[in-house]
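For the sequence shown, position 221 matches number 221 in the working numbering, and the numbering has no gaps at all.
Think of the CB as a built atom: it goes at the ideal place given N, C-alpha and C, for glycine as much as any other residue.
Step one of this worksheet: look at the structure below.
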Amino acid sequence: MAINVVAVRAFGAPMLVALGHFVIACGSLTLARWSNGLAAIWLPNAVLLAYLLLTPRGRWSLPVVGVILSGTFANSLGGAPLPLAFAFGLSNGIEPLLIAWLLQADRRPLNLERIGDLSRFVPALLVACLGSAVYASTISTFFYAADFREFWISWLSSSFLGLAIFTPLLLIGAKQWRAPRLTGRDWQGALAVLALVAGCGAIGFFQTRWPLFFVMLPPVLIATFRLRAIGAAASVLLLAVMGTAAVVGGFGVEAIGSVSERLVLLQLFLAVAILTALPVAALLSQRDRFAETLAAHEAQLASIVDAVSDVIFHTDAEGRWTYLNPAWEQLTGYAVEESIGHPVMDQVVEEDRDELRERMRGLTSGLFETLRHQFRFLHDSGDHRWGEVQARRLTDTDGRMTGAAGIIVDISDRLAVAALAEDARQRAERDAEAALLLAATDELTGVASRRAFLTVLDHQLTDGDVLAVALFDIDHFKQVNDRHGHAVGDEVLRRIAEIAESCIRDRDLVGRLGGEEFAVLMPRASLEQAVAVGERLRRACEEAEHRPGLRVTVSLGVAAADAGSDAASLLREADAALYRAKFEGRNCLRLAA
Numbered sequence: 001m002a003i004n005v006v007a008v009r010a011f012g013a014p015m016l017v018a019l020g021h022f023v024i025a026c027g028s029l030t031l032a033r034w035s036n037g038l039a040a041i042w043l044p045n046a047v048l049l050a051y052l053l054l055t056p057r058g059r060w061s062l063p064v065v066g067v068i069l070s071g072t073f074a075n076s077l078g079g080a081p082l083p084l085a086f087a088f089g090l091s092n093g094i095e096p097l098l099i100a101w102l103l104q105a106d107r108r109p110l111n112l113e114r115i116g117d118l119s120r121f122v123p124a125l126l127v128a129c130l131g132s133a134v135y136a137s138t139i140s141t142f143f144y145a146a147d148f149r150e151f152w153i154s155w156l157s158s159s160f161l162g163l164a165i166f167t168p169l170l171l172i173g174a175k176q177w178r179a180p181r182l183t184g185r186d187w188q189g190a191l192a193v194l195a196l197v198a199g200c201g202a203i204g205f206f207q208t209r210w211p212l213f214f215v216m217l218p219p220v221l222i223a224t225f226r227l228r229a230i231g232a233a234a235s236v237l238l239l240a241v242m243g244t245a246a247v248v249g250g251f252g253v254e255a256i257g258s259v260s261e262r263l264v265l266l267q268l269f270l271a272v273a274i275l276t277a278l279p280v281a282a283l284l285s286q287r288d289r290f291a292e293t294l295a296a297h298e299a300q301l302a303s304i305v306d307a308v309s310d311v312i313f314h315t316d317a318e319g320r321w322t323y324l325n326p327a328w329e330q331l332t333g334y335a336v337e338e339s340i341g342h343p344v345m346d347q348v349v350e351e352d353r354d355e356l357r358e359r360m361r362g363l364t365s366g367l368f369e370t371l372r373h374q375f376r377f378l379h380d381s382g383d384h385r386w387g388e389v390q391a392r393r394l395t396d397t398d399g400r401m402t403g404a405a406g407i408i409v410d411i412s413d414r415l416a417v418a419a420l421a422e423d424a425r426q427r428a429e430r431d432a433e434a435a436l437l438l439a440a441t442d443e444l445t446g447v448a449s450r451r452a453f454l455t456v457l458d459h460q461l462t463d464g465d466v467l468a469v470a471l472f473d474i475d476h477f478k479q480v481n482d483r484h485g486h487a488v489g490d491e492v493l494r495r496i497a498e499i500a501e502s503c504i505r506d507r508d509l510v511g512r513l514g515g516e517e518f519a520v521l522m523p524r525a526s527l528e529q530a531v532a533v534g535e536r537l538r539r540a541c542e543e544a545e546h547r548p549g550l551r552v553t554v555s556l557g558v559a560a561a562d563a564g565s566d567a568a569s570l571l572r573e574a575d576a577a578l579y580r581a582k583f584e585g586r587n588c589l590r591l592a593a
């Protein structure tokens, strides 16, 4: 027959919880000496509470019912009348249920190794135990004439102690079972610590001369420091068992009082021990988690720093290396180990040290908080390379400098690329200037081109300055080309351009407008000044020497700009004067009408 796994999981675990509760209840009732019918410490309810805290709410009903029945049966076997046994059994089931409901109200898993969860755990125990103590004491007093106050105190203390001691042990034990954290060697240490607790417990509980309860607290704290929460719970549980056995067996200091009084004293001691040890354990566990997180972050940071190609450094206040990442060896060729402790300046090129030292002095004095500087450093191969340091001043709480931290970047390649880019930029600028010059210059004569001349003329007219323009061309130039050839004609054009530039003022501009036609722009020139320049140019051309049999003259037309003149109208006026000069015999100058 096939086994139904779902059914086993649904019913098997609750049955085991009920069985565990029954066995521990019987053991507690057998071991304990009764005081008004109650055990010194009641452990069984912790079994149900631990199960409920580890289980979804939908699976709580069966184990609660099972514990009510097992608690009824155990109390009945212990001698309680059946109605009272059922009342106690009902309390055994409802009390852990109430605690679990309070602790899981926000549906967050409980972790007693966190101080926040522990601070919720203890009040929840107190609330539930107070309620169950009132309930049980009322029933015992009403039906069985028990002393309410004494019964209430005994129930509250035994129930609270059992839950406070045994529940953490079960919860942490379950976590250890699922994901073991203790190795074989750890278990040996744990057993040694518990042996120490047992030894001190024997001294405190079983000798009859001195009240030595205080000798048992140090080993409890040692167990807590060594094993955290599980050590705290296990050591207090061990002392609870030993203390109960001592009280039941009549051991201990009789002068302390009656058995009942010694039982109350034991409960008080156990309460102090567990309420001292558990918070310490939670704080230690929290510190462990912080340490693990910090170690993980440090490992992650170290892996990142080691992978960075830039040098990450730290120096002391005297300017000596205290930390360098592996990129240092790539950058300088020197091993990190041989550089640590050496002055920062050792690898800096001699010529750059003074400037860097001066900048670092400002950082040291607090003049500024950060430093950024480029310098040359020595590579192990003997080469000089460029680096850029970015550093920040580090201080203590009193504001005194303790060192500096930052990065060093190898910028040699970047500077080389920048140099190439600058060279390319300069070449491009030269080429652009040459292109602009070529566009602005007449290729044959070297004077301004038509476009350049007209552009300058427009600018001058826009500025509103007084100016004059002279247009001139070579007389009978077509005959020069026809008789002497175009090469001679080009030579004549170049010669006339040279003569024109030699005759003008420094601020004037000569341009070739096309063919044999030229123009002279004369900024800030009156009409009389323009005529003087034009006549000087005409005579120079007439007197110039050319090839034998070649005589060259020019005719000129001069116009002065009026208010509102534009380039086109001004040139038309000068051209009309030029036409009149040609019509009236050439080799002369005429003014615009």
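Might you give, ordered along the chain, the residues of its own chain that have their beta carbon closer than 6 angstroms to the beta carbon of residue i, omitting 5 neighbours on each side?
i           : result
residue 18  : 66, 67, 70
residue 37  : Bear in mind that a pLDDT of 48 at residue 37, under 50, signals an unreliable position, so the number given afterwards is only what the model happens to contain. Nothing meets the Cβ criterion.
residue 201 : 216, 239, 242
residue 473 : 516, 517
residue 347 : 332, 377, 378
Along the chain, where does the beta strand (DSSP E) that runs through residue i open and close?
i           : result
residue 158 : Element bounds for residue 158: not the beta strand (DSSP E) but the alpha helix (DSSP H), 148-178.
residue 559 : 554-560
residue 370 : 370-378
residue 216 : Here residue 216 belongs to no beta strand (DSSP E), and DSSP marks it neither H nor E.
residue 401 : 401-410
residue 468 : 467-474
residue 316 : 311-316
At the level of alpha carbons, what is the spacing between residue i and residue j?
i           : j           : result
residue 127 : residue 177 : 30 angstroms
residue 88  : residue 250 : 28 angstroms
residue 589 : residue 494 : 21 angstroms
residue 119 : residue 277 : 13 angstroms
residue 33  : residue 122 : With a pLDDT of only 48 at residue 33, under the threshold of 50, the placement of this residue in the model should not be trusted, and no figure is reported.
residue 138 : residue 163 : 22 angstroms
residue 25  : residue 149 : 24 angstroms
residue 595 : residue 46  : Any question about residue 595 goes unanswered here, given that the chain covers just 1 to 593.
residue 336 : residue 323 : 8 angstroms
residue 406 : residue 418 : 24 angstroms
residue 450 : residue 570 : 15 angstroms
residue 531 : residue 558 : 7 angstroms
residue 287 : residue 168 : 19 angstroms
residue 157 : residue 11  : 32 angstroms
residue 391 : residue 297 : 23 angstroms
residue 315 : residue 372 : 16 angstroms
residue 383 : residue 364 : 30 angstroms
residue 144 : residue 175 : 43 angstroms
residue 353 : residue 295 : 39 angstroms
residue 151 : residue 204 : 27 angstroms
Verify whether the separation of the beta carbon atoms of residue i and residue j is less than 8 angstroms.
i           : j           : result
residue 317 : residue 402 : yes
residue 553 : residue 542 : yes
residue 525 : residue 468 : yes
residue 500 : residue 550 : no
residue 301 : residue 115 : no
residue 521 : residue 457 : yes
residue 230 : residue 331 : no
residue 223 : residue 234 : yes
residue 273 : residue 217 : yes
residue 369 : residue 400 : no
residue 475 : residue 586 : yes
residue 574 : residue 471 : yes
residue 14  : residue 62  : yes
residue 112 : residue 43  : no
residue 48  : residue 93  : yes
residue 196 : residue 280 : no
residue 226 : residue 199 : no
Residues in its own chain within less than 8 angstroms of residue i by CB, not counting five upstream and five downstream?
i           : result
residue 60  : 52, 97, 100
residue 309 : 327, 330
Since residue i is in the alpha helix (DSSP H), which residue starts that stretch and which ends it?
i           : result
residue 515 : Careful: residue 515 lies outside any alpha helix (DSSP H) and carries neither H nor E.
residue 390 : First-last for residue 390: 384-395, but that is the beta strand (DSSP E), not the alpha helix (DSSP H).
residue 323 : That residue, residue 323, is in no alpha helix (DSSP H); its beta strand (DSSP E) goes 321-324.
residue 490 : 486-503
residue 124 : 115-144
residue 589 : It is not in any alpha helix (DSSP H) - residue 589 instead sits in the beta strand (DSSP E) that spans 589-591.
Could you tell me whether any Cβ in chain B is nearer than 8 angstroms to the Cβ of residue i?
i           : result
residue 201 : Although the question refers to chain B, the structure presented lacks it and comprises just one protein chain.
Can you find the residues in the same chain that come closer than 7 angstroms, C-beta to C-beta, to residue i, ignoring five residues on each side of it along the sequence?
i           : result
residue 510 : 447, 448, 497, 500, 501, 504, 518, 520
>> Closer than 8 angstroms is the cut-off here; do at least three beta carbon pairs connect the region 377-395 with the region 287-294?
In response: no
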